[in-house]
Amino acid sequence: METLVALVVGQLIIAALVVSIALFIAKAVWEGHKEKLEEKQQREAEKQGSPHLPLAS
Numbered sequence: 001m002e003t004l005v006a007l008v009v010g011q012l013i014i015a016a017l018v019v020s021i022a023l024f025i026a027k028a029v030w031e032g033h034k035e036k037l038e039e040k041q042q043r044e045a046e047k048q049g050s051p052h053l054p055l056a057s
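Letter by letter, the sequence shown follows residues 1 to 57 in the UniProt record's numbering.
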């Protein structure tokens, strides 16, 4: 019984690590995507001759 509990706890810890790594990667990807969007908005604003940058949400 103790080995079963130890296996379940071990798998829960591994699952938590996998989820945290996945969230870290997703955050990094989102930050990169957000940065590209801001650059694109800035370029469009410069093309239109607008001195004001669009507000980032």
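Every residue, glycine too, gets a C-beta built ideally from N, C-alpha and C.
Within the same chain, show all residues whose beta-carbon is closer than 7 Å to that of residue i, passing over the 5 residues directly before and after it, in chain order.
i: Leu-37; result: none
How is the alpha helix (DSSP H) around residue i delimited, first residue to last?
i: Gln-48; result: Unbroken run through Gln-48: none, as it is neither H nor E.
Whole angstroms are fine: how far does the CA of residue j sit from the CA of residue i?
i: Lys-47; j: Gln-41; result: 10 Å
i: Phe-24; j: Ile-13; result: 17 Å
i: Ser-20; j: Gly-49; result: 43 Å
Only counting the same chain, and skipping five residues up and downstream in sequence, which positions put a Cβ closer than 8 Å to that of residue i?
i: Leu-17; result: none
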